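K.L.:
The structure follows.
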Amino acid sequence: GAVVSQHPSRVICKSGTSVKIECRSLDFQATTMFWYRQFPKQSLMLMATSNEGSKATYEQGVEKDKFLINHASLTLSTLTVTSAHPEDSSFYICSARPGTGSWGNIQYFGAGTRLSVL
Amino acid sequence: GQQVMQIPQYQHVQEGEDFTTYCNSSTTLSNIQWYKQRPGGHPVFLIQLVKSGEVKKQKRLTFQFGEAKKNSSLHITATQTTDVGTYFCAGPTNAGGTSYGKLTFGQGTILTVHP
Chain A
46 GAVVSQHPSR VICKSGTSVK IECRSLDFQA TTMFWYRQFP KQSLMLMATS
96 NEGSKATYEQ GVEKDKFLIN HASLTLSTLT VTSAHPEDSS FYICSARPGT
146 GSWGNIQYFG AGTRLSVL
Chain B
4 GQQVMQIPQY QHVQEGEDFT TYCNSSTTLS NIQWYKQRPG GHPVFLIQLV
54 KSGEVKKQKR LTFQFGEAKK NSSLHITATQ TTDVGTYFCA GPTNAGGTSY
104 GKLTFGQGTI LTVHP
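Protein chains in written order, with the numbering used here: chain A, 46 to 163; chain B, 4 to 118.
Now the structure itself:
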């Protein structure tokens with residue numbers, strides 16, 4: 046159980062285009078979903094916290110107009126990187142938290158999306 | 004702000020040797036979680052510790068939560084090549100308000116096992 050699906054796994058796009066990444070909890074309802082960015086050999090950098098039906102909460106320094114997050118349902122959150130530029134190239138990972146039960150605080154991660162902007 | 008420090012950053016061992024990574028929080032934690040990320044993969048939940056002084060084992064892995072609930076360790080006995088990866092500890096983010104279950108991750112320890 047506790048499977049999180051993230052698509053696409055890899056995206057190569059031209060500078061100036063927008064890219065949408067989907068994150069789905071397949072076998073549980075996620076109270077909260079999180080979006081992280083990870084640079085090689087570094088830790089996870091939280092970008093934003095997403096709750097179903099409400100606006101995402103962005104971490105300091107993360108541009109909300111650049112990284113649009115929509116949490117349409119208890120099983121789906123999307124991250125759209127708008128007008129992507131080469132500096133946005135990175136590994137983006139989502140996670141989902143059940144929020145209830147003894148494992149409610151555990152975060153289950155998607156497989157990640159490697160974005161390359163040319 | 005809250006910090007979760009993890010050492011060492013890198014650890015290279017020969018297969019069969021033991022390995023330990025240490026995690027220290029600047030604040031008291033209600034729980035601590037450990038995750039493993041294989042090279043090229045994503046973090047996978049290993050365990051959650053909740054009680055002061057708690058010790059849990061998973062086969063060759065032993066996890067400890069300090070008495071003060073500010074530090075933790077992960078010890079692997081007789082490492083195998085399958086243990087290769089980055090090990091992260093994480094504690095609930097102390098945001099002073101509603102944190103929605105955010106976690107503050109340590110920097111991670113990258114473990115390399117030489118056969």
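C-beta atoms are modelled at their ideal positions from N, C-alpha and C, and glycine is treated no differently.
Bear in mind the structure is a predicted one, so any value in this text is a computation, not a measurement.
Could you check what DSSP says for residue 95/B in three-state terms: helix, strand or coil?
P.N.:
On the second sequence, position 92 is the one that residue 95/B refers to. DSSP places residue 95/B in strand when its eight states are reduced to three.
K.L.:
By how many angstroms is the C-alpha of residue 115/B removed from the C-alpha of residue 118/A?
P.N.:
The count along the first sequence starts at 1 and reaches residue 118/A at position 73. The count along the second sequence starts at 1 and reaches residue 115/B at position 112. Cα atoms of residue 118/A and residue 115/B: separation of roughly 40 Å, rounded to the nearest angstrom.
K.L.:
One question on the structure: do residue 18/B and residue 84/B come within less than 8 Å of each other, judged by their Cβ atoms?
P.N.:
Against the second sequence, residue 18/B aligns to sequence position 15. Against the second sequence, residue 84/B aligns to sequence position 81. For residue 18/B and residue 84/B, yes; Cβs fall inside 8 Å.
K.L.:
Throw me the rounded Cβ distance for the residue 147/B and residue 23/B pair, which I believe falls under 8 Å.
P.N.:
Beyond the ends of chain B as shown, which are 4 and 118, falls residue 147/B; an answer cannot be given.
K.L.:
For residue 52/A, collect the residues of the same chain with a Cβ closer than 6 Å to its Cβ; drop the 5 residues on either side in sequence, then sort them by chain order.
P.N.:
As a position in the first sequence, residue 52/A is number 7, starting the count at 1. Around residue 52/A: 67.
K.L.:
List, in order along the chain, the chain A residues whose C-beta lies closer than 9 Å to that of residue 91/B?
P.N.:
To locate residue 91/B, count along the second sequence from 1; it is residue 88. Correct list: 88 and 89.
K.L.:
Give me the chain B residues within the contact set of residue 156/A, using Cβ-Cβ distance strictly less than 9 Å, ordered along the chain.
P.N.:
On the first sequence, residue 156/A is found 111 positions in, with the first residue counted as 1. Ordered by position in chain B, the residues that pass the 9 Å Cβ test against residue 156/A are 44 and 45.
K.L.:
For residue 97/B, which residues from the same chain have a beta carbon less than 7 Å from its beta carbon, with the 5 sequence-adjacent residues on both sides left out?
P.N.:
In the second sequence, the residue the question calls residue 97/B occupies position 94. Same-chain partners within the cutoff: 5 and 30.
K.L.:
I need the DSSP call for residue 67/A, collapsed to helix, strand or coil.
P.N.:
Taking the first residue of the first sequence as 1, we reach residue 67/A at position 22. Note: residue 67/A maps to strand in three-state DSSP.
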